[in-house]
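Structure first, commentary second.
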Amino acid sequence: MPPINFNDIEVLLPLIILVIWACLLLLVDLFIPKKHKWLTALLAAFGLALTLGFTLSQLGSESNGFCATGKPSICMVVLDGFSVLVNALLLLTGLLGVALAYGYLKRMGIERGEYYTLMLFSISGMMLMAQASDLIIVFLALELLSLPLYVLSAFARSNSDSQEAGLKYFLLGAFSSGFILYGIALVYGATGSTSLSQIFEIASVGTSSLLLTIGAALILVGLGFKVAAVPFHMWTPDVYQGAPTPVTAFMTAGAKIAGFAALLRVFGSAFPNLSEDITPILWALSAATMIVGNLLAIAQTNIKRMLAYSSIAHTGYILMAFVPYGNPEVAPVSIAAGLFYLFAYTITNFGAWGVVIALEQKESKGLQISDYAGLRRKYPVLAGAMTVFMFSLIGFPPTLGMVGKFYLFRAVLSGGYTGLAIIGVVTSLVSAFYYLRVVVNMYMFAGEPKTDNEFWLRFTIAGAALVTVVFSLVPQGLFAWASRAVLKLF
Amino acid sequence: MIPLSWYLILSAALFSIGLFGVMARRNAIAILLGIELMFNAVNINLVAFWRYLDPTIMNGQVFAIIVFAVAAAEVAVGLALVISVYRNRKTVVVDDLDLLKW
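Top line first, the protein sequences correspond to chains A and B.
If you count by the working numbering, then the first sequence holds residues 5 to 494, one letter each, in order.
If you count by the working numbering, then the second sequence holds residues 74 to 175, one letter each, in order.
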């Protein structure tokens, strides 16, 4: 047995800390009495903050971990600027997820400690995904992030909606894993390796093989399921509607970030040579996702379902950034724009779901868009925050969403995909219709909305609204960070 | 020796049968069985490729074992979800699970 290599441990240090913390939390939670579950939430948040600290301490360092003996270029995991940025974003998602969940679980009577542990495990899977440099690890990370999410979706055990959402998510998630696996097996067969760098080297010498292309396409189908791209989006509205709302908020952001990280790792580092075949497919996926997501959102009356379709539409916008992934001149700017948009979407999205959680009552009441009538008169601050989030999702200034879309469309135009940019702009205009309907309901109509006073929820909503506005005025620093992070990948 | 293509054809057929099962069956457990067939088709592929490409590099074998383990974990979670749904709704037929627009 080879000796333990401390470099390997250093590469995965934040992940290792998080997993150990999650395991310990699972045990500690048994001794925390039912009345004091706030302690579990606090410990989970502390673990996430600790991991975030270690992640940020890795800023600027680059290395590989768990390499083959004698072959330092074949490694299982990698630490680079991109992984640090994505990990930090994921841990932020986790912290926001804990803040949104705490009061909600109590109010709905489903407060159990496993919730936070499952969340930590899921985040560890997402982090592993961002650091994967081997297809085996990509698959393992995908399962590690998905399995806790299936359970979390079905977390409200007495609620039939939640059970149904969990089962549907599980069936379609496992189904899509089958596609990814088959794709990985074919790629392995075509190249004889599962290491992303090896696949790239082997694929770049020989002529392009059919087996490799089919394998890559199958992996794309599987990841398309995970990030909810049209036509693989059927599960999304059902699952996002049925799952407990904080879980949905966490899934829309976390699973998307991890899915796109995998997409970038696998396609950016292993298959740039296939871009001639893959780019048109990505183009079509992105266009279809933007169009279908936005059009179907118009017809919704349930706010969770509407935000679910909105999340599909935003997948389309982010996919836009991946279209020129094989062109090393355009790709870094484009991917950096995509990462920035992911950040903008995460913050805005958590805010919007926070408002939904604030107004949700027991037995899925208070979830219709018409329930938002009269919000301005009764809770002006909440209504103001929701307006900011809706504007940001449309892309109105002065919000992060506007800056994100600006970077994104600029990158897509400079890549020469004018048609795609036009579709993006037109669908954004269409989206204004359903987002503004919420705003009109809040401001123009009379009604009696109810909400409880929960400190952490209020805090998250206010913080998200503040960041959405303030960061839109000074976005350059973040965008520069994102650009630096992806530069090394190409 | 049996040529590699035979294994690949077997695997592709098994994957297609699994795919058909997922699409055509309406019982959640039958769908789960279809998914398992798809996973096992992949295992045949992985082991066959390992044997024919370069048996000194263990990637394919190891991957097949990892797939077993993950599939087992997935079944554990899946069956738990099926039982939980059954307790609530007294059915595991996906067509009857229509509280959310499917």
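Heads up, the beta-carbon is just placed ideally off N, CA and C, and yes, glycines get one too.
- Task: Give the range of the alpha helix (DSSP H) segment to which A:V32 is assigned.
- Result: From DSSP, the alpha helix (DSSP H) with A:V32 extends over 17-34.
- Task: Could you tell me the distance, in whole angstroms, from the CA atom of A:P250 to the CA atom of A:F344?
- Result: Taking the straight line joining both Cα atoms gives about 23 Å.
- Which partner residues of B:L106 appear in the DSSP bridge assignment? Answer by DSSP bridge pairing: none, since B:L106 is not bridged.
- According to DSSP, is A:A160 helix, strand or coil? In the displayed model, A:A160 falls within coil according to three-state DSSP, outside both helix and strand.
- Item | Cβ-based burial, A:C71 [other Cβ within 10 Å; buried from 16] | It counts as buried.
- Do we get a CB-CB distance below 8 Å when we pair B:V166 with the residues of chain A? No, no contact with chain A.
- Compare the beta carbon distance of A:G246 and B:L173 with 8 Å and say whether it is the shorter of the two. Inclusion of A:G246 and B:L173 in the CB contact set at 8 Å is warranted, their separation being smaller than that value.
- Check whether the Cβ atoms of A:V490 and A:A340 sit closer than 8 Å, and answer yes or no. At a Cβ-Cβ threshold of 8 Å, A:V490 and A:A340 count as neighbours.
- Message: I'd like to know if the stretch 219-233 of chain A and the stretch 172-191 of chain A are in contact, where contact means that at least 3 CB-CB pairs between them fall below 8 Å.
- Response: Under the three-pair Cβ rule at 8 Å, the stretch 219-233 of chain A counts as touching the stretch 172-191 of chain A.
- Task: Give a yes or no on whether 8 Å exceeds the smallest Cβ distance from A:Q304 to chain B.
- Result: A:Q304 does not count as touching chain B.
- Query: Whose Cβ in chain A lies nearer than 9 Å to the Cβ of B:S157?
  - Reply: Annotation: Cβ neighbours of B:S157 in chain A (cutoff 9 Å, chain order): A158, R161, Q167, G170, L171.
- Query: Taking Cβ to Cβ, would you say B:V158 is nearer than 8 Å to A:E168?
  - Reply: Inclusion of B:V158 and A:E168 in the CB contact set at 8 Å is warranted, their separation being smaller than that value.
- State yes or no: is the beta carbon of A:G64 nearer than 8 Å to at least one beta carbon in chain B? Put simply, the CB of A:G64 is far from chain B, with every gap to its CB atoms at 8 Å or more.
- Give every residue of the same chain whose Cβ lies closer than 6 Å to the Cβ of A:V234, excluding the five residues on either side of it in the sequence, and list them in chain order. Cβ within range, chain order: A292, T293, V296.
- Limits of the unbroken beta strand (DSSP E) element including A:I78: Segment 75-83, the beta strand (DSSP E) holding A:I78.
- Task: Within 10 angstroms of the Cβ of A:S476, are there 16 or more other Cβ atoms? Answer buried if so, exposed if not.
- Result: So A:S476 counts as buried.
- Message: Residues in the same chain with beta-carbon distance under 6 Å from A:Y108, minus the five sequence neighbours each way, listed in chain order, please.
- Response: Around A:Y108: P250, I361.
- Item | Expected contact under 8 Å - CB spacing of A:G445 and A:A377 to nearest Å | Looking at the sequence shown, residue 445 of chain A is not Gly but Asn. About 5 Å separates the beta carbon of A:N445 from that of A:A377, a gap short enough to meet the 8 Å contact definition.
- Quick one: which residues of the stretch 119-147 of chain B get their C-beta closer than 7 Å to a C-beta of chain A? List them in chain order. Closer than 7 Å at the C-beta level to chain A, one finds these residues of the stretch 119-147 of chain B: L119, F122, L126, D127, N132, G133, F136, I139, V140, V143, A146, E147.
- Message: If you follow the beta strand (DSSP E) that A:A72 is in, where does it begin and where does it stop?
- Response: Counting along the chain, the beta strand (DSSP E) containing A:A72 begins and ends at 67-72.
- Message: Taking 8 Å as the limit between beta carbons, can you name the residues of its chain near A:Q336, skipping five residues before and five after?
- Response: In the sequence on display, residue 336 of chain A carries Pro and not Gln. Result list for A:P336: S487, V490, L491, L493, F494, in chain order.
- Closer than 7 Å, Cβ to Cβ, to anything on chain A: give me those residues from the stretch 101-112 of chain B, in chain order. Cβ contacts with chain A: A101, I104, I108, M111, F112.
- Query: Just by C-beta distance, which residues in the stretch 269-291 of chain A are closer than 7 Å to chain B?
  - Reply: So nothing in the stretch comes that close.
- Distance, Cα to Cα, A:I302 vs A:M112? Going by the C-alpha atoms only, they are around 29 Å apart.
- Query: Measuring CB to CB, does B:I108 end up less than 8 Å from B:V95?
  - Reply: Inclusion of B:I108 and B:V95 in the CB contact set at 8 Å is warranted, their separation being smaller than that value.
- Item | Contact check, A:S137 vs A:V23, beta carbons under 8 Å | It is not a contact, given that the beta carbons lie outside the stated cut-off.
- Taking all protein chains shown into account, decide if A:D242 is buried (16 or more other Cβ within 10 angstroms of its Cβ) or exposed. It is buried - the Cβ of A:D242 has at least 16 other Cβ atoms within 10 Å.
- Message: Counting beta carbon pairs with one atom in the stretch 94-103 of chain A and one in the stretch 40-58 of chain A, are three or more of them shorter than 8 Å?
- Response: The stretch 40-58 of chain A vs the stretch 94-103 of chain A: in contact.
- Could you tell me whether the stretch 307-319 of chain A touches the stretch 387-396 of chain A, where touching means 3 or more Cβ pairs closer than 8 Å? No: fewer than three Cβ pairs fall under 8 Å.
- Message: Could you give the first and the last residue of the continuous alpha helix (DSSP H) run that contains A:N298?
- Response: Unbroken alpha helix (DSSP H) run through A:N298: 279-302.
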